[in-house]
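K.L.:
Note that the sequence shown covers residues 377 to 574 in our numbering. Have a look at this one.
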Amino acid sequence: MIADTHIYAHSNRVIPPSVLDLFRRAGVGLILHLGDVNSAWVLEELAELAPLMAVAGNNDDDELQDRLPSTLRFTVGRHRFGAVHGDGGRSAKDQVKRAFAGKADLAFFGHSHIPFVDEHKGTLLFNPGSATDRRWHEHFGVGIVRVTEEAIDPELILYTQPDHLTNILFGTDIDSSPAMTERAASDDTSNNHDRPTP
Numbered sequence: 377m378i379a380d381t382h383i384y385a386h387s388n389r390v391i392p393p394s395v396l397d398l399f400r401r402a403g404v405g406l407i408l409h410l411g412d413v414n415s416a417w418v419l420e421e422l423a424e425l426a427p428l429m430a431v432a433g434n435n436d437d438d439e440l441q442d443r444l445p446s447t448l449r450f451t452v453g454r455h456r457f458g459a460v461h462g463d464g465g466r467s468a469k470d471q472v473k474r475a476f477a478g479k480a481d482l483a484f485f486g487h488s489h490i491p492f493v494d495e496h497k498g499t500l501l502f503n504p505g506s507a508t509d510r511r512w513h514e515h516f517g518v519g520i521v522r523v524t525e526e527a528i529d530p531e532l533i534l535y536t537q538p539d540h541l542t543n544i545l546f547g548t549d550i551d552s553s554p555a556m557t558e559r560a561a562s563d564d565t566s567n568n569h570d571r572p573t574p
């Protein structure tokens with residue numbers, strides 16, 4: 377999952393190649409963009425990696441606003457998911473709570489650029505932050521969610537430099553027992569641990 381890329385046609389910003397490589401190495405089966413895409417080619421680039429779903433963000437142009445829904449509801453197996461960007465008069469967190477609390481197992485949102493994980497009325501709320509524009513937070517972020525028939529295992533991956541993502545390993549280093557894991561990528565592979573989110 378990725379959000380708030382804010383890649384405008386006139387800017388030099390791109391999705392960091394290490395983020396794309398992370399999604400490839402994780403073997404993602406679906407990519408979810410949580411809005412403020414800003415350039416349609418970003419969606420095309422992500423769709424080359426895996427099937428793509430996206431919601432419109434408040435900074436997306438008219439073409440993207442017309443093309444993308446403001447809200448997504450979908451199921452994977454027996455698990456219910458929801459996604460909104462989050463904007464307008466209420467905080468993004470309040471919007472996702474109002475839209476999905478008690479109605480989804482996991483609800484995704486963006487807008488704030490601040491990585492966030494919390495539970496509300498039985499629904500896990502997840503904002504990966506921004507992969508390209510950290511604004512009000514010290515880390516960039518993306519998310520990976522593993523879904524099995526028995527469980528949902530969301531993971532928030534935080535990083536300060538995109539090249540630190542090369543140190544994230546998939547497979548044997550992942551402890552799937554916590555409901556949520558958070559990893560901070562660094563240039564020191566000894567710090568590559570799963571940590572339960574408080």
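Just so it is clear, CB atoms sit at the ideal spot from N, CA and C, and this is done for glycine as well.
Out of L396, W417 and L406, which has the shortest C-alpha to C-alpha gap to Y384?
P.N.:
By one-based count along the sequence shown, residue 384 stands at place 8. Considering only alpha carbons, the answer is W417.
K.L.:
Are there 16 or more other CB atoms within 10 angstroms of the CB of D549, so buried, or fewer, so exposed?
P.N.:
Here residue 549 refers to the residue found at position 173 when the sequence shown is read from its first residue. Its pLDDT being 42, under 50, D549 is placed unreliably in this model, and the coordinates cannot settle the point.
K.L.:
Using the rule of at least 16 other Cβ atoms within 10 Å of the residue's Cβ for burial, across every protein chain shown, is I378 buried or exposed?
P.N.:
Mapped onto the sequence shown, residue 378 falls at position 2. Under this definition I378 is a buried residue.
K.L.:
Which of the three DSSP states is assigned to D529 in this structure?
P.N.:
Mapped onto the sequence shown, residue 529 falls at position 153. Note: D529 maps to strand in three-state DSSP.
K.L.:
Does the distance from the CB of L440 to the CB of V413 come in under 8 Å?
P.N.:
As a first step, residue 440 must be located in the sequence shown, where it is residue number 64. As a first step, residue 413 must be located in the sequence shown, where it is residue number 37. A contact, by the Cβ cut-off of 8 Å.
K.L.:
So L408 packs on A459, CB below 8 Å; how close in whole Å?
P.N.:
By 1-based counting over the sequence shown, the position of residue 408 is 32. By 1-based counting over the sequence shown, the position of residue 459 is 83. Confirmed, Cβ separation roughly 6 Å.
K.L.:
Less than 7 Å between the CB of F476 and some heavy atom of the ligand SAM, yes or no?
P.N.:
Among the components modelled here there is no ligand, and therefore nothing to report on the ligand SAM.
K.L.:
Measuring alpha carbon to alpha carbon, tell me which residue in A423, R389, H382 and G411 is nearest R400.
P.N.:
Mapped onto the sequence shown, residue 400 falls at position 24. The option with the nearest alpha carbon to R400 is A423.
K.L.:
Here's a check: name, in chain order, each residue in its chain whose Cβ is nearer than 6 Å to the Cβ of F450, leaving out the five neighbours to either side.
P.N.:
Start at 1 with the first residue of the sequence shown, and residue 450 comes out as number 74. The answer, listed in chain order, is F457.
K.L.:
Restricting to Cα atoms, I'd like to know which of N434, G411 and D438 is closest to L428.
P.N.:
Taking the sequence shown and counting its residues from 1, the one referred to as residue 428 is at position 52. Of the candidates N434, G411 and D438, the one whose C-alpha sits nearest the C-alpha of L428 is G411.
K.L.:
What do you get for S552, buried or exposed, if any count of 16 or more other CB atoms within 10 angstroms of its CB means buried?
P.N.:
Residue mapping note: residue 552 aligns to position 176 of the sequence shown, counting from 1. Model confidence at S552 stands at a pLDDT of 38, short of 50, so the residue's coordinates are unreliable and nothing is read from them.
K.L.:
Verify whether the separation of the beta carbon atoms of L455 and D481 is less than 8 Å.
P.N.:
The residue you call residue 455 lines up with position 79 of the sequence shown. The residue you call residue 481 lines up with position 105 of the sequence shown. Inspection of the sequence shows that residue 455 is occupied by His rather than by Leu. Closer than 8 Å, so yes.
K.L.:
Does DSSP put E495 in a helix, a strand or coil?
P.N.:
As a first step, residue 495 must be located in the sequence shown, where it is residue number 119. E495: strand per DSSP, three-state reduction.
K.L.:
Counting only the same chain and skipping the five closest in sequence on each side, list residues whose C-beta sits under 8 Å from that of I391.
P.N.:
Translated into positions along the sequence shown, residue 391 becomes position 15. Closer than 8 Å at Cβ, skipping near neighbours: I378, T381, I383, V418, E421, L422, A507 and T508.
K.L.:
Can you tell me the Cα-Cα spacing of R389 and S415, whole angstroms?
P.N.:
Here the question's residue 389 lines up with position 13 in the sequence shown. Here the question's residue 415 lines up with position 39 in the sequence shown. About 11 Å.
K.L.:
Name the one or two DSSP bridge partners that H409 has.
P.N.:
The residue you call residue 409 lines up with position 33 of the sequence shown. BP columns for H409 point to I378 and A430.
K.L.:
Report the residue from H461, L406 and G453 whose alpha carbon sits nearest the alpha carbon of G433.
P.N.:
Mapped onto the sequence shown, residue 433 falls at position 57. Answer by Cα proximity: H461.
K.L.:
Quick one, which of F484, A430, G478 and D437 has its alpha-carbon nearest P445's?
P.N.:
The sequence position of residue 445 within the sequence shown is 69, counting from 1. Here the closest residue by C-alpha is A430.
K.L.:
Quick check on the burial criterion: 16 or more other C-beta atoms within 10 angstroms. Buried or exposed for R474?
P.N.:
Your numbering for residue 474 matches position 98 in the sequence shown. When all chains shown are included, R474 counts as exposed.
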